[in-house]
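Taking it in order: structure first as structure tokens, then the write-up.
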Amino acid sequence: MPSVKQFQVTFDCAEPERLARFWCEVLGYVIPPPPRDFATWDDFTRSLPPERQDAGFVCGDPTGVGPRLFFQRVPEGKVVKNRVHLCVRVGTGLVGAERLATLEAECTRLIALGAVRERLLEADDDNESCIVMQDIEGNEFCID
18 MPSVKQFQVT
28 FDCAEPERLA
38 RFWCEVLGYV
48 IPPPPRDFAT
58 WDDFTRSLPP
68 ERQDAGFVCG
78 DPTGVGPRLF
88 FQRVPEGKVV
98 KNRVHLCVRV
108 GTGLVGAERL
118 ATLEAECTRL
128 IALGAVRERL
138 LEADDDNESC
148 IVMQDIEGNE
158 FCID
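In the working numbering, the protein residues as written are 18 to 161.
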């Protein structure tokens with residue numbers, strides 16, 4: 018049986034392009050070029066039937082290493098805790114005060130982008146510190 022080489026993470030959301038651009042800023046991702054024969058994404062969007070306009074948006078890792086992120090508009094809002102969430106790894110290899118300072122600096126940067134800080138989970142015998150946050154549509158994620 019062949020192994021999976023690539024995958025994408027899909028977000029249900031209210032505003033796909035806005036959420037995609039937020040995650041581009043968080044992760045250093047980029048919006049790919051528009052489809053062939055279109056000068057801009059706006060041109061492409063205007064070519065779609067009204068019910069499909071602004072229904073989805075995508076971004077990806079410019080190095081091609083990380084997964085593609087796809088954002089699809091859904092009619093319902095978020096009502097419960099995510100069953101899956103992203104962990105943004107900014108403190109890998111760091112411990113103690115140095116790790117906490119790195120997490121706090123990233124938290125401050127993300128709050129300026131519209132994220133919300135929920136809480137700090139402090140280090141214990143099994144885990145290093147991390148900060149639980151929400152993106153601009155209320156989806157939980159961690160910086161660790």
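Ideal placement from N, C-alpha and C gives every residue a C-beta, glycine not left out. From a predicted model like this one, the values you see are computed outputs, not experimental measurements.
By a C-beta neighbour count over all protein chains shown, 10 Å radius and 16 as the cutoff for buried, is residue i buried or exposed?
i	result
GLY110	exposed
PRO33	buried
SER20	exposed
SER146	buried
Would you tell me roughly how many angstroms separate the C-alpha atoms of residue i and residue j, rounded to the nearest one?
i	j	result
PRO66	ARG136	42 Å
LYS22	GLY81	12 Å
MET18	THR27	25 Å
PHE24	GLY45	18 Å
VAL91	TRP58	20 Å
ILE101	ASP60	Just to set this straight, residue 101 is Val in the shown sequence, not Ile. Distance between the alpha carbons of VAL101 and ASP60 is about 34 Å.
Assign residue i to one of three DSSP states: helix, strand, or coil.
i	result
PHE74	strand
ASP142	coil
ASP29	strand
ARG85	strand
VAL97	coil
ILE153	coil
LEU111	coil
PHE39	helix
LEU44	helix
PHE55	coil
ARG106	coil
PHE61	helix
LEU130	coil
Under 8 Å between the Cβ atoms of residue i and residue j?
i	j	result
GLU154	LYS98	no
GLY131	PHE39	yes
ASN117	VAL43	Position check: residue 117 holds Leu in this sequence, whereas Asn was assumed. No, Cβ-Cβ distance for LEU117 and VAL43 is not below 8 Å.
CYS76	VAL105	no
VAL107	GLU123	yes
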